[in-house]
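Enquirer: Sequential numbering of the sequence shown, starting at 64, is according to our numbering.
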Amino acid sequence: MDSHEFSIRGKEMIEYICKYLDNLESRRVTPSVEPGYLKNVLPDEAPDDAEDWDRIMADVEQKIMPGVTHWQHPRFHAYFPSGNSFPSILGDMLSAAIGCIGFSWAAAPACTELETIVLDWFGKAIGLPDEFLALKEGSKGGGVIQTSASECVLVCMLAARAQALKRLKHQHPFVEEGLLLSKLMAYCSKEAHSCVEKSAMICFVKLRILEPDEKSSLRGQHLLAAMEEDEAMGLIPFFVSTTLGTTGCCSFDNLQEIGPICQKFPCVWLHVDAAYAGNAMICPELKYLLAGVEYADSFNTNPNKWLLVNFDCSTMWVRDKIRLTSALVVDPLYLQHGYTDSAIDYRHWGVPLSRRFRSLKLWFVLRSYGIKGIQNYIRHHINLAKRFESHVRKDRRFEVCNDVFLGLVCFRLKGSDELNKKLLSNINASGKIHMVPATVREKYIIRFCVVAQNSTKDDIDYAWKVIIEFAEDLLETQEL
Ligand code: PLP
64 MDSHEFSIRG
74 KEMIEYICKY
84 LDNLESRRVT
94 PSVEPGYLKN
104 VLPDEAPDDA
114 EDWDRIMADV
124 EQKIMPGVTH
134 WQHPRFHAYF
144 PSGNSFPSIL
154 GDMLSAAIGC
164 IGFSWAAAPA
174 CTELETIVLD
184 WFGKAIGLPD
194 EFLALKEGSK
204 GGGVIQTSAS
214 ECVLVCMLAA
224 RAQALKRLKH
234 QHPFVEEGLL
244 LSKLMAYCSK
254 EAHSCVEKSA
264 MICFVKLRIL
274 EPDEKSSLRG
284 QHLLAAMEED
294 EAMGLIPFFV
304 STTLGTTGCC
314 SFDNLQEIGP
324 ICQKFPCVWL
334 HVDAAYAGNA
344 MICPELKYLL
354 AGVEYADSFN
364 TNPNKWLLVN
374 FDCSTMWVRD
384 KIRLTSALVV
394 DPLYLQHGYT
404 DSAIDYRHWG
414 VPLSRRFRSL
424 KLWFVLRSYG
434 IKGIQNYIRH
444 HINLAKRFES
454 HVRKDRRFEV
464 CNDVFLGLVC
474 FRLKGSDELN
484 KKLLSNINAS
494 GKIHMVPATV
504 REKYIIRFCV
514 VAQNSTKDDI
524 DYAWKVIIEF
534 AEDLLETQEL
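(1) Do the segment 391-398 and the segment 180-188 make contact, defined as three or more Cβ pairs closer than 8 angstroms?
(2) With a threshold of 7 angstroms (Cβ to nearest heavy atom), would residue 310 be considered close to the ligand PLP?
(3) Within a Cβ cutoff of 8 angstroms, which residues of the same chain sit near residue 132, ignoring the five residues on either side of it in sequence?
(4) Residue 337 to residue 167, Cα distance in whole Å?
(5) For the segment 163-183 against the segment 399-411, do three or more pairs of beta-carbon atoms, one drawn from each stretch, fall closer than 8 angstroms, so that the two count as touching?
(6) Determine the contact status of residue 182 and residue 380, defining contact as a CB-CB distance below 8 angstroms.
(7) Going by alpha carbons, who is nearest to residue 226 out of 198, 201, 160, 332?
(8) What does DSSP give as the partner residue(s) for residue 252 in the beta ladder?
(9) Just to confirm before moving on: does the CB-CB distance between residue 306 and residue 256 stay below 8 angstroms?
(10) Would you call residue 212 buried or exposed, if buried means 16 or more other Cβ atoms sit within 10 Å of its Cβ?
(11) Three-state secondary structure (DSSP) at residue 334?
(12) Helix, strand or coil for residue 496? Go by DSSP, reduced to three states.
(13) If we count the other Cβ atoms within 10 Å of its Cβ and call it buried at 16 or more, is residue 263 buried or exposed?
(14) For a minimum of 3 consecutive residues, which ranges assigned as the beta strand (DSSP E) are wholly contained in the segment 372-452?
(15) Measure the beta-carbon distance from residue 420 to residue 165 and round it to whole angstroms, keeping in mind my assumption that it falls under 8 angstroms.
(16) Give me the residue from 462, 531, 492 with the minimum Cα distance to residue 508.
(17) So does residue 301 have its beta carbon nearer than 7 angstroms to some heavy atom of the ligand PLP?
(18) Comparing C-alpha positions only, which one of 101, 261, 503, 234 sits nearest to residue 220?
(19) Going by beta-carbon coordinates alone, are residue 467 and residue 151 separated by less than 8 angstroms?
(20) Could you check what DSSP says for residue 213 in three-state terms: helix, strand or coil?
(21) Write down the C-beta distance between residue 422 and residue 209 rounded to the nearest angstrom, noting that I regard them as a contact closer than 8 angstroms.
(22) Assuming the contact rule is C-beta atoms closer than 8 angstroms, residue 334 and residue 301 should be a hit. Round their C-beta distance to whole Å, please.
(23) Are three or more beta carbon pairs between the segment 517-532 and the segment 440-456 nearer than 8 angstroms?
(24) Using a 10 Å radius around the Cβ and a threshold of 16 neighbouring Cβ atoms, would you call residue 360 buried or exposed?
(25) Please work out which residues of its chain come closer than 8 angstroms, Cβ to Cβ, to residue 506, disregarding the five sequence neighbours upstream and downstream, and give them in chain order.
(26) Let me make sure I understand the geometry here. Which of 487, 406, 384, 539 has the alpha-carbon closest to that of residue 205?
(27) Taking 8 angstroms as the cut-off, decide whether the C-beta atoms of residue 289 and residue 339 are in contact.
(28) Put residue 507 into one of helix, strand or coil per three-state DSSP.
(29) Comparing C-alpha positions only, which one of 135, 118, 433 sits nearest to residue 512?
(30) Measuring straight from C-alpha to C-alpha, what distance separates residue 349 and residue 318?
(31) Beta carbon of residue 412, beta carbon of residue 207: below 8 angstroms?
(32) Expressed to the nearest angstrom, what Euclidean distance is found between the alpha-carbon atoms of residue 193 and residue 232?
(33) Which residues bound the alpha helix (DSSP H) around residue 367?
(34) Determine the burial state of residue 111: buried for a count of at least 16 other Cβ atoms within 10 Å of its Cβ, exposed for fewer.
(35) Starting from residue 70, trace the alpha helix (DSSP H) both ways and give me its first and last residue.
(36) Tell me whether residue 402 counts as near the ligand PLP, meaning its Cβ is closer than 7 angstroms to at least one heavy atom of that ligand.
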C-alpha cells in the first residue's frame, strides 16, 4: 500500500469507524459465538500472495465483528469504562505513524518531554501534591505512562522491595539475600484488585490480605494490628497497596488513617491504586476523595478507563524517581547518550524497553475537551449512575449494595446468591445489556457501570427496564 492508496483506504476506515460507533445499537452487546468460532471460518495459514483490501475488510465485518464484545455499546455496563473519544483515536493514529520508540530522551526527545509535561498537567488537574510533579522547582518526583494499572502496582512493589532489601543488607551484611526476601510482607485489602496478588507472586514476597470494614474500606487500626503482629513474628512490612475506587464496589480505603501508620515503620512504601476513580478527581467537588494522598509514595490512575483516552494509557506518579529507577536501571552502552544527567530516560521507569508515543492521545484529549469538558463528562456519568441508583431504590424487591459516589452501582435482588446469579446469567444471555458480578461483604452482587462515552438517560432507563423484565420472569417461575 503506498501513500496514495493509504489516503483512500484511510478515509474509508474513518468512515467505517464512524458508522460502527454511530450504529452500535444495531448490534448485540455481546457476541453469540462459541470458543473456536474463528478458526472455523479463517484459513489455517497466512496467504502466500497479497490479498485485496476490500476482501480483508469484508472479512472484518463478516468474520471478526460477530465475535466482538462491543465495549463502547450504550448497553454495555460491565467492568469499568474502556475510554474512547475521537481526539484520542487520532492521537493513537499519529503515534502509530510517527512510530518512534521512546525509551530514552535521545531516542525520542518530544515523546519523552511531552509525556513529562502532560503527566504534570494531569497530575495538577486531579490535585496530586507538588512532590509528584516533575517540573516543579525542587521536586524529586514525576509521572510516567505505563501500559496498565497492574504494571504500575508491579513496578512500585519492585521499587519498594529493592529499597527494603538495600536497607536490610546494610543492617545485616552477612545474611543471605534470599533469607531477607523471605521476611518481606506486603499488605492490601480483600477489595484490592487481583493485580496486587499477582505482583506479590512475581516479586516473591508474602502478601497479607486484610478484611475491610463494613463499607469495604481498609482502616488504619486493622492494618496497624497486622503489621505489628507480623513484625513481632520477625517479618518486615515493606509495601502497602491501597485502593481509591475498588473494582468490586468502588469503595475507598482510608488513606488518612493508613498514611501515618505506614510512616511509623522504617521502610514502608505506600501505593495508591486509583485506576478508575482517580480520573474523577479532576472535578473540584470530588477532590475530597483524595484525602491522605500526601502520605503516598506512588499513585496511579488509568485515563484509558474514565478520561476519554483509548487503551493503553495508565498514568503513574512517584514522589521520588530515584527510589523507583534504582530498582530498574540496566544500562548497556548502546542505550546510553550524552544527556543522561539532564534528561529523563523512561526505560528506567518500567519493565519494557520500547514505548509508544502515548502522551499524544492524552494531550489531544486534554486540549480538545479542556478540563471543563472532561469535568462535565465525568459529572454526566455520575448523574446517570445516580439515576440508575434511584430506580433500584424505588423498587422494594431490590437493594443497593454500595455507596454510589461515582459511576458504579452495585445492586441485587433481595434473596439468595443463586437467584441473583440466575438473574444475571439470563440477562447476559439475552445480549440486550451486559453486566458482571462481584462479591461484596460475602454476597453476590451485580455491578452496573455507566460506561459508554455518550450514555443517555434513555440508555439507563432501558437497562432498568430489561433488568425488571428478567427479574419479574424469574420471580414468577420461582413462585410456581
Ligand atoms: N486496579 C483497579 C482498582 C482496577 O479496577 C483495575 C481494573 O479494573 C486494575 C487495577 C487493573 O487494571 P489494568 O487492566 O490496567 O491492569
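Positions of the beta carbon are idealized from the N, C-alpha and C atoms, including for glycine.
Expert: With the given structure in hand:
(1) no
(2) Looking up residue 310 in the sequence shown gives position 247. Taken from the Cβ of residue 310, at least one heavy atom of the ligand PLP lies inside 7 angstroms.
(3) Here residue 132 is taken as the residue at index 69 of the sequence shown, counted from 1. Contacts found: 92, 93, 94, 139, 497.
(4) Reading the sequence shown from its first residue, position 274 is the one you call residue 337. Reading the sequence shown from its first residue, position 104 is the one you call residue 167. Their backbone Cα atoms lie some 27 angstroms apart in a straight line.
(5) yes
(6) Mapped onto the sequence shown, residue 182 falls at position 119. Mapped onto the sequence shown, residue 380 falls at position 317. For residue 182 and residue 380, yes; Cβs fall inside 8 angstroms.
(7) As a working mapping, residue 226 is identified with position 163 in the sequence shown. For residue 226, the nearest C-alpha among the options comes from 332.
(8) Residue mapping note: residue 252 aligns to position 189 of the sequence shown, counting from 1. According to DSSP, which records beta bridges pairwise, residue 252 is partnered with 273.
(9) Within the sequence shown, residue 306 is the residue found at index 243, counting from 1. Within the sequence shown, residue 256 is the residue found at index 193, counting from 1. Yes, the Cβ-Cβ distance between residue 306 and residue 256 is below 8 angstroms.
(10) As a working mapping, residue 212 is identified with position 149 in the sequence shown. Buried, by the Cβ-count rule.
(11) Stepping through the sequence shown from its first residue, residue 334 is reached at position 271. Three-state DSSP puts residue 334 in a strand.
(12) Indexing the sequence shown from 1 puts residue 496 at position 433. Note: residue 496 maps to coil in three-state DSSP.
(13) As a first step, residue 263 is located in the sequence shown; it is residue number 200 there, counting from the start. By the 10 Å Cβ count, residue 263 comes out buried.
(14) 377-381
(15) Locating residue 420 in the sequence shown gives position 357, where the first residue counts as 1. Locating residue 165 in the sequence shown gives position 102, where the first residue counts as 1. 6 angstroms between Cβ atoms; contact.
(16) Start at 1 with the first residue of the sequence shown, and residue 508 comes out as number 445. For residue 508, the nearest C-alpha among the options comes from 462.
(17) Mapped onto the sequence shown, residue 301 falls at position 238. Incorrect: residue 301 has no Cβ contact closer than 7 angstroms to the ligand PLP.
(18) The residue given as residue 220 occupies position 157 in the sequence shown. Ranking the options by Cα distance to residue 220, first place goes to 261.
(19) What you label residue 467 is simply residue 404 of the sequence shown in a count that begins at 1. What you label residue 151 is simply residue 88 of the sequence shown in a count that begins at 1. No, the Cβ-Cβ distance between residue 467 and residue 151 is not below 8 angstroms.
(20) If you number the sequence shown from 1, residue 213 lands on position 150. Helix.
(21) In the sequence shown, residue 422 corresponds to position 359, counting from 1. In the sequence shown, residue 209 corresponds to position 146, counting from 1. At roughly 12 angstroms, the Cβ-Cβ gap does not stay under 8 angstroms, so residue 422 and residue 209 are not in contact.
(22) What you label residue 334 is simply residue 271 of the sequence shown in a count that begins at 1. What you label residue 301 is simply residue 238 of the sequence shown in a count that begins at 1. Not quite, the Cβ-Cβ distance comes to about 11 angstroms (not below 8 angstroms), so this is no contact.
(23) These segments touch.
(24) Along the sequence shown, one-based indexing puts residue 360 at 297. It is buried - the Cβ of residue 360 has at least 16 other Cβ atoms within 10 Å.
(25) Numbered from 1 along the sequence shown, position 443 holds the residue referred to as residue 506. So the list reads 464, 475, 480, once near-sequence residues are dropped.
(26) Locating residue 205 in the sequence shown gives position 142, where the first residue counts as 1. Of 487, 406, 384, 539, the residue nearest in Cα terms is 384.
(27) Reading the sequence shown from its first residue, position 226 is the one you call residue 289. Reading the sequence shown from its first residue, position 276 is the one you call residue 339. Judged by their CB atoms, residue 289 and residue 339 are not nearer to each other than the 8 angstroms cut-off.
(28) Position 444 of the sequence shown, counted from the start, is the residue given in the question as residue 507. Note: residue 507 maps to strand in three-state DSSP.
(29) The residue you call residue 512 lines up with position 449 of the sequence shown. Checking every option, the nearest Cα to that of residue 512 belongs to 135.
(30) Here residue 349 is taken as the residue at index 286 of the sequence shown, counted from 1. Here residue 318 is taken as the residue at index 255 of the sequence shown, counted from 1. One C-alpha to the other measures close to 15 angstroms.
(31) Residue numbering aside, residue 412 sits at position 349 when the sequence shown is read from its first letter. Residue numbering aside, residue 207 sits at position 144 when the sequence shown is read from its first letter. Taking 8 angstroms as the Cβ cut-off, residue 412 and residue 207 qualify as a contacting pair.
(32) In the sequence shown, the residue the question calls residue 193 occupies position 130. In the sequence shown, the residue the question calls residue 232 occupies position 169. Going by the C-alpha atoms only, they are around 32 angstroms apart.
(33) To locate residue 367, count along the sequence shown from 1; it is residue 304. Residue 367 -> alpha helix (DSSP H) spans 366-369.
(34) On the sequence shown, position 48 is the one that residue 111 refers to. Residue 111 should be labelled exposed.
(35) Looking up residue 70 in the sequence shown gives position 7. Start and end: 66-85.
(36) Indexing the sequence shown from 1 puts residue 402 at position 339. Not a single heavy atom of the ligand PLP lies less than 7 angstroms from the C-beta of residue 402.
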